[in-house]
């Protein structure tokens, strides 16, 4: 049984390639044609390099944080992925089609065909360092640059729309929160003011503290009067007018001390009343402080949404503006075909120089 020849052997031993001159002329012509097609018609590469930006990269992080604005809608980690998805979105392609009039230029009435053409011609990829590059290869360098510029503008505009939509939603939520926090703040302030009116304390905390400080003052006064009484009794009896006056003063001070040390909250200026009022005062103060803090925080974040509107368009940094590459561009498919023909011609020549044993027997 005769073994099957390889493709190289079949072509090498076929009649068209039997003559060395004819074989080399055929391969030479094919290689020259493929090499010419890899160079002509010349194609021009146009590209733009952009990087997703946030306020921190623009030096605005301090100002925005003070005003309550967020640094980024998407977050730093997802910024590149969001930019890639937006650049490949139908909305951006529609903007490019309308801006450049691609339907007329491509001589088609179908927007779907224009979208397919853009998907095939425009390459969008991410690079190291959080950079997104968009490129296209066309025979017309001016059109290639316009196409890439339209893509960069479309991506920036679409990101700005997304940022503004997010800011509008945030503003709507914050308006509701500010309104509710304002009502809670007013209610807490009214409750605290009513407590001040009921207790007749302009500053409840200070007034309650002063009441609590009276007990050690009264105790010290009683001790001082008792010392004074003991001294007076050394020189006079209890019938003495001065001694009786000191005794009366001690009785009054002891009555005041007993009233202050009473545990019944209904007793005026008693310990029980001070404890009860101080507890209520602290609760009302905490409630008022919390309501005020929430109201001021929500209002600050609401002010930050105005700043976010101003920075919504600052979503892309153009690392390299649209340009036409000066490097000669090759048609990759015809370059590959040229190399394939060269390798195939070399394989046939090598096959004829050192044919296999079966081919030698057939030749005999």
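Residue numbers (this note's numbering): 32 to 395.
Note that the Cβ used here is the ideal one computed from N, Cα and C, for glycine as well.
Given that a residue counts as buried once 16 or more other Cβ atoms are within 10 Å of its Cβ, and exposed if not, what is residue 106? Confidence at residue 106 is low in this model, with a pLDDT of 49, below 50, so the placement of that residue should be treated as unreliable; the coordinate-derived value is given next. Flag for residue 106 reads exposed.
Determine the closest residue to residue 117 out of 131, 185, 56, with distance taken between C-alpha atoms. The residue with the shortest Cα to Cα distance from residue 117 is 185.
Continuous beta strand (DSSP E) stretch holding residue 347: start and end: Element bounds for residue 347: 347 to 355.
What number of angstroms, rounded off, separates the C-alpha of residue 284 from the C-alpha of residue 248? For residue 284 and residue 248, the distance between alpha carbons rounds to 10 Å.
Which term fits residue 271, buried or exposed, when burial requires 16 or more other beta carbons within 10 angstroms of its beta carbon? Here residue 271 is exposed: its Cβ has fewer than 16 other Cβ atoms, across all protein chains shown, within 10 Å.
Would you call residue 200 buried or exposed, if buried means 16 or more other Cβ atoms sit within 10 Å of its Cβ? Under this definition residue 200 is an exposed residue.
Based on Cα-Cα distance, which residue from 273, 207, 381 lies nearest to residue 329? Checked all of 273, 207, 381; the closest Cα to residue 329 is 207.
Taking the continuous beta strand (DSSP E) assigned at residue 82, which residues delimit it? Note, residue 82: beta strand (DSSP E), 75 to 83.
Name the residue from 71, 157, 128, 327 whose alpha carbon lies nearest to the alpha carbon of residue 109. Comparing Cα positions, the closest option is 157.
Within 9 Å, strictly: CB atoms of residue 396 and residue 48: Not covered by the structure: residue 396. The range shown for the chain is 32 to 395.
Is the beta carbon of residue 163 closer than 9 Å to that of residue 111? Taking 9 Å as the Cβ cut-off, residue 111 and residue 163 qualify as a contacting pair.
Same chain, Cβ closer than 7 Å to residue 366, neighbours up to 5 away in sequence not counted: For residue 366, same chain residues with a beta-carbon under 7 Å away, outside a window of 5 residues either side, are 69 in chain order.
List the whole-angstrom C-beta distance separating residue 131 from residue 212, where the pair is believed to meet the contact cut-off of C-beta under 8 Å. Actually they do not touch by this definition, with Cβ atoms about 50 Å apart.
Could you name the residues of the same chain whose beta carbon sits closer than 6 Å to that of residue 72, not counting the 5 residues immediately before and after it, in chain order? The residues are 170.
Is it buried or exposed, residue 165, if we count other Cβ atoms within 10 angstroms and call 16 or more buried? Around the Cβ of residue 165, a 10 Å sphere holds 16 or more other Cβ atoms; the residue is buried.
According to DSSP, is residue 159 helix, strand or coil? Correct three-state label for residue 159: coil.
Round the Cβ separation of residue 356 and residue 76 to the nearest angstrom and send it over; I've been treating them as touching at under 8 Å. With 8 Å as the limit, residue 356 and residue 76 qualify as a contact, their Cβ atoms being about 4 Å apart.
Is it the case that the Cβ atoms of residue 216 and residue 323 are separated by a distance below 9 Å? In this structure, residue 323 lies closer than 9 Å to residue 216 by Cβ.
Let me confirm a value: residue 151 is counted as buried when at least 16 other C-beta atoms fall within 10 Å, else exposed. Which label applies? By the neighbour-count definition (other C-beta atoms within 10 Å, threshold 16), residue 151 is an exposed residue.
Opposite residue 153 in the DSSP bridges: which residues? Beta-bridge pairing links residue 153 to 167.
Return the Cβ separation of residue 80 and residue 189 in integer angstroms, given the expectation that the two are a contact with Cβ distance under 8 Å. The Cβ separation is near 18 Å, so there is no contact.
Cβ of residue 378 within 8 Å of any heavy atom in the ligand SAH? For the ligand SAH, the structure offers nothing, since it holds no ligand at all.
Please confirm if residue 133 has its CB atom under 9 Å from at least one CB of chain C. The structure shown contains no chain C; it is built from a single protein chain.
Helix, strand or coil: how does DSSP classify residue 105 here? Low local confidence applies: a pLDDT of 48 at residue 105 is under 50, so the model's placement there is unreliable, and no value is given.
Alpha carbon of residue 347 to alpha carbon of residue 84, nearest angstrom: A direct Cα-to-Cα measurement between residue 347 and residue 84 gives close to 5 Å.
Would you kindly report the start and end of the unbroken alpha helix (DSSP H) that includes residue 194? Annotation for residue 194: the continuous alpha helix (DSSP H) segment containing it runs 172 to 230.
Can you find the residues in the same chain that come closer than 8 Å, C-beta to C-beta, to residue 78, ignoring five residues on each side of it along the sequence? In the same chain as residue 78, and ignoring 5 residues on each side of it, the C-beta atoms closer than 8 Å to its own belong to 164, 165, 166, 167, 179, 351, 353, 354, 356, in chain order.
Residue 130, DSSP secondary structure in three states: DSSP places residue 130 in helix when its eight states are reduced to three.
Boundaries of the alpha helix (DSSP H) in which residue 140 is found, first to last residue: Neither: residue 140 is in no alpha helix (DSSP H) and is coded neither H nor E.
Taking the alpha-carbon of residue 252 as reference, which of 154, 54, 282 has the nearest alpha-carbon? Out of 154, 54, 282, 282 has the C-alpha closest to the C-alpha of residue 252.
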